[in-house]
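A.B. asks:
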Amino acid sequence: MPHDAISSKISVDSKESEELKYGVRVWKHLLAGSTAAIASRTVTAPLDRLKTIAQASSSKVTIYNGLRTMIKEGGISSMWRGNGINLVKAMPEVTIRFVTFNELKHVLVKDRTHELTTAERMIAGGVSGLIAHSIVHPIEVVKTRFILHNAGKQNNFTNTLIKGYKTEGYRFLFRGYVTSIFGILIFSSIDFSTYESLKKMYKKRYGPSAFGQEVVFCSMVSSVVAQSFAYPFAVIGVHLQTVGLPNGETLENLSSREAPKVCTGDSA
Numbered sequence: 001m002p003h004d005a006i007s008s009k010i011s012v013d014s015k016e017s018e019e020l021k022y023g024v025r026v027w028k029h030l031l032a033g034s035t036a037a038i039a040s041r042t043v044t045a046p047l048d049r050l051k052t053i054a055q056a057s058s059s060k061v062t063i064y065n066g067l068r069t070m071i072k073e074g075g076i077s078s079m080w081r082g083n084g085i086n087l088v089k090a091m092p093e094v095t096i097r098f099v100t101f102n103e104l105k106h107v108l109v110k111d112r113t114h115e116l117t118t119a120e121r122m123i124a125g126g127v128s129g130l131i132a133h134s135i136v137h138p139i140e141v142v143k144t145r146f147i148l149h150n151a152g153k154q155n156n157f158t159n160t161l162i163k164g165y166k167t168e169g170y171r172f173l174f175r176g177y178v179t180s181i182f183g184i185l186i187f188s189s190i191d192f193s194t195y196e197s198l199k200k201m202y203k204k205r206y207g208p209s210a211f212g213q214e215v216v217f218c219s220m221v222s223s224v225v226a227q228s229f230a231y232p233f234a235v236i237g238v239h240l241q242t243v244g245l246p247n248g249e250t251l252e253n254l255s256s257r258e259a260p261k262v263c264t265g266d267s268a
């Protein structure tokens with residue numbers, strides 16, 4: 001066999017091996033991320049429902065009063081109302097965000113020797129979040145309406161979906177979409193870029209092999225920072241999704257009348 005043919009075959013085999021390793025690594029991260037998402041969202045489901053109630057409420061909701069009201073309404077189990085829907089939404093959302101972000105990273109760094117810049121990380125994070133949320137937004141709208149209703153009035157996902165469709169048509173599934181997109185773009189771009197920057201700084205200081213459990217700390221910090229910037233859009237999005245605004249009222253009217261209170265979740 002000619003030397004060039006042997007070299008070419010070795011090159012192809014090496015490339016296929018690298019692609020296989022990359023694919024295995026991606027699926028490992030996906031499995032870990034999805035498992036973590038299921039566990040974390042199940043544990044924090046009561047607080048997630050409480051947060052949504054506070055965002056949609058026209059009066060101040062404290063943690064104690066909110067949890068007490070939920071338990072009084074439908075027992076302990078009502079604190080996890082809507083968690084099943086949330087998990088159904090979380091699986092594709094986490095998967096799409098992760099795969100899209102990693103593919104964008106791969107495209108942006110192709111044929112380059114240096115890593116992504118902060119701006120490129122923000123773009124990749126924002127685009128991946130935009131794509132993922134656009135796909136799962138209808139589920140988010142139904143979930144939000146479902147968890148705000150008292151137990152027994154609309155006791156499953158299907159009833160909530162049917163009632164929304166009969167009342168408003170298919171368009172109700174996209175209520176608050178534009179506002180949510182702004183929030184998701186801000187959250188995803190800041191979350192991914194902050195996480196990647198923290199990870200890079202840690203590896204540079206302590207070495208790649210030292211980066212293990214610290215991933216949890218980096219994830220927590222990046223999520224808190226991102227959520228702080230995106231939270232006002234989440235509150236306004238809940239108002240729009242739950243038809244909290246009178247017909248014809250615009251976002252501009254909401255911001256001038258209620259935004260300072262809404263953005264903190266303390267509407268009165």
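Its first residue numbered 1, the sequence shown is counted upward by one per residue in UniProt numbering. A virtual CB, placed ideally from N, CA and C, is assigned to each residue, including glycine.
Would you mind working out which of 137, 168, 128, 175 sits nearest residue 185, comparing C-alpha positions?
C.D. replies: Of the candidates 137, 168, 128, 175, the one whose C-alpha sits nearest the C-alpha of residue 185 is 128.
A.B. asks: Thinking C-beta only, is residue 226 closer than 7 angstroms to residue 174?
C.D. replies: In this structure, residue 226 does not lie closer than 7 angstroms to residue 174 by Cβ.
A.B. asks: When the Cα of residue 146 is compared with those of 72, 239, 55, 157, which residue comes out closest?
C.D. replies: It is 157 whose Cα lies nearest to the Cα of residue 146.
A.B. asks: For residue 55, tell me which candidate among 88, 144, 121 has the shortest Cα-Cα distance.
C.D. replies: It is 144 whose Cα lies nearest to the Cα of residue 55.
A.B. asks: Got a sec, what are the start and stop residues for the alpha helix (DSSP H) residue 135 sits in?
C.D. replies: Start and end: 118-148.
A.B. asks: Buried or exposed: residue 171, going by 16 or more other Cβ atoms within 10 Å of its Cβ?
C.D. replies: Residue 171 should be labelled exposed.
A.B. asks: Can you give me the C-alpha to C-alpha distance between residue 245 and residue 50, rounded to a whole angstrom?
C.D. replies: Low confidence applies here, because residue 245 scores a pLDDT of 37, under 50, leaving its location unreliable and the question unanswered by this model.
A.B. asks: Using a 10 Å radius around the Cβ and a threshold of 16 neighbouring Cβ atoms, would you call residue 179 buried or exposed?
C.D. replies: Burial call: buried.
A.B. asks: Using the Cα positions of residue 64 and residue 120, report the straight-line distance between them to the nearest angstrom.
C.D. replies: In a straight line, the C-alpha of residue 64 is about 42 angstroms away from that of residue 120.
A.B. asks: Measure the CB-CB distance between residue 87 and residue 38 and report whether it falls below 7 angstroms.
C.D. replies: Closer than 7 angstroms, so yes.
A.B. asks: Any idea if residue 133 is buried or exposed, counting beta-carbon neighbours within 10 angstroms, 16 or more meaning buried?
C.D. replies: When all chains shown are included, residue 133 counts as buried.
A.B. asks: For a quick check, are the C-beta atoms of residue 176 and residue 240 less than 7 angstroms apart?
C.D. replies: Contact: yes.
A.B. asks: Below 6 angstroms, is the gap between the Cβ of residue 238 and the nearest heavy atom of the ligand ADP?
C.D. replies: Among the components of this structure there are no ligands whatsoever, and the ligand ADP is therefore not found.
A.B. asks: Quick one: grab the DSSP three-state call for residue 246.
C.D. replies: Since pLDDT at residue 246 reaches only 39, below the 50 mark, its modelled position is unreliable, and no value is offered.
A.B. asks: Can you tell me whether residue 78 is buried or exposed, with buried defined as 16 or more other CB within 10 angstroms of its CB?
C.D. replies: With 16 or more Cβ atoms within 10 Å of its Cβ, residue 78 is classed as buried.
A.B. asks: In this structure, does DSSP put residue 97 in helix, strand or coil?
C.D. replies: In the structure shown, residue 97 sits in a helix (DSSP, three-state: H, G or I).
A.B. asks: Could you tell me whether the Cβ atoms of residue 233 and residue 169 are closer together than 7 angstroms?
C.D. replies: No, these two residues do not count as a Cβ contact at 7 angstroms.
A.B. asks: Looking only at C-alpha atoms, which of 89, 194, 116 sits nearest to residue 228?
C.D. replies: For residue 228, the nearest C-alpha among the options comes from 194.
A.B. asks: If we ignore side chains and look at the alpha-carbon of each, how far apart do residue 200 and residue 207 end up?
C.D. replies: One C-alpha to the other measures close to 10 angstroms.
A.B. asks: Confirm, please, whether the CB-CB distance from residue 61 to residue 53 is below 7 angstroms.
C.D. replies: Cβ atoms of residue 53 and residue 61: closer than 7 angstroms.
A.B. asks: Excluding sequence positions up to five away, which residues of its chain have a Cβ less than 7 angstroms from the Cβ of residue 101?
C.D. replies: Cβ within range, chain order: 124, 125, 128, 192.
A.B. asks: Nearest to residue 219 by alpha carbon, out of 57, 190, 46?
C.D. replies: Answer by Cα proximity: 190.
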